[in-house]
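Numbering (my numbering), first residue to last: 4 to 144. Where a beta carbon is used, it is the ideal one built from N, C-alpha and C, also for glycine. As C-alpha cells, the structure follows; a few thoughts come after it.
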Amino acid sequence: MYTAGGSYIHNVDPHGSYHSSVDAGRISSEGGIRVLTFADGFVFAMDTSGATAWSFSGWDTPGGSDRTLWNADVDGDGELDWMYREDSATFVARRSGNGEQLFMQDESSKVRKCELFSRRGRTGMLVTLIGDTVTAFTYAR
4 MYTAGGSYIH NVDPHGSYHS SVDAGRISSE GGIRVLTFAD GFVFAMDTSG ATAWSFSGWD
64 TPGGSDRTLW NADVDGDGEL DWMYREDSAT FVARRSGNGE QLFMQDESSK VRKCELFSRR
124 GRTGMLVTLI GDTVTAFTYA R
C-alpha cells in the first residue's frame with residue numbers, strides 16, 4: 004500500500020495468494036478505507052492494516068480484461084458499498100463494513116459494460132449495456 008503522495012506504507016497479502024483487480028475507497032465520512040481484491044476464487048475486503056473484514060466467493064475476469072469491482076452508495080445511507088461479479092453471470096452488491104448482501108443481479112454474462120453510481124440522498128443506480136439496450140436499476144430499501 005502507498006499513500007496518496009506515493010509513499011510506501013506496507014504490503015497487504017491476505018492468505019499469501021496472488022491478488023488481482025485491487026480497488027480501494029473511503030467507506031465513510033469518518034475516513035475508514037476499505038480495500039477489495041480477488042484471490043483464489045474469492046473477493047476479500049480488508050482495512051489498510053490488511054485485516055480481512057469479510058470474504059465471499061467472487062469471479063475475476065480472466066486476464067483482468069474488464070472491470071470487476073465497483074463502489075458507490077448503493078443503499079443511500081451515506082456509506083460506500085461494493086459490487087463485484089460473484090460468478091460469470093451474477094453481480095452482487097455488499098455493505099462495505101460487514102459484507103451484508105444488498106442485491107444480486109443475474110445475467111451479468113450478457114453485460115458488455117456497466118457502471119454503479121451513488122445518488123446523493125437516494126439509493127444507488129446500476130446501469131448496464133446489453134446488446135444495444137441500456138437499462139438502469141435502482142436499489143429498493
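Can you give me the Cβ contacts of residue i inside the same chain, cut-off strictly under 6 angstroms, excluding the 5 residues immediately before and after it?
{"i": "S58", "result": "F45 and F47"}
{"i": "A56", "result": "A48"}
{"i": "L72", "result": "S24, D26, L39 and Y87"}
{"i": "C145", "result": "Residue 145 lies beyond the stretch modelled for the chain, which goes from 4 to 144, so this question has no answer here."}
{"i": "G102", "result": "W57"}
{"i": "F140", "result": "L129"}
{"i": "N74", "result": "G28, L83 and W85"}
Taking all protein chains shown into account, decide if residue i is buried (16 or more other Cβ within 10 angstroms of its Cβ) or exposed.
{"i": "M86", "result": "buried"}
{"i": "S99", "result": "buried"}
{"i": "D84", "result": "buried"}
{"i": "V137", "result": "exposed"}
{"i": "D76", "result": "buried"}
{"i": "N14", "result": "exposed"}
Check whether the Cβ atoms of residue i and residue j sit closer than 9 angstroms, and answer yes or no.
{"i": "G29", "j": "G61", "result": "The sequence given here has Arg at residue 29, not Gly. Against a cut-off of 9 angstroms, the Cβ pair of G61 and R29 comes out as no contact."}
{"i": "G79", "j": "R125", "result": "yes"}
{"i": "D26", "j": "T40", "result": "yes"}
{"i": "F120", "j": "M107", "result": "no"}
{"i": "K113", "j": "G127", "result": "no"}
{"i": "A92", "j": "L129", "result": "no"}
Only counting the same chain, and skipping five residues up and downstream in sequence, which positions put a Cβ closer than 7 angstroms to that of residue i?
{"i": "Y5", "result": "Y11 and I12"}
{"i": "D1", "result": "With the chain running from 4 to 144 in the structure shown, residue 1 is simply not present."}
If you measure from the beta carbon of residue i to each beta carbon in chain D, is any gap under 9 angstroms?
{"i": "Y11", "result": "The structure shown contains no chain D; it is built from a single protein chain."}
Which ranges does the beta strand (DSSP E) cover as unbroken runs of at least 3 residues, wholly within the region 63-144, from first to last along the chain?
Listed in chain order, they are 72-75, 84-90, 93-98, 104-109, 116-122, 125-133 and 136-141.
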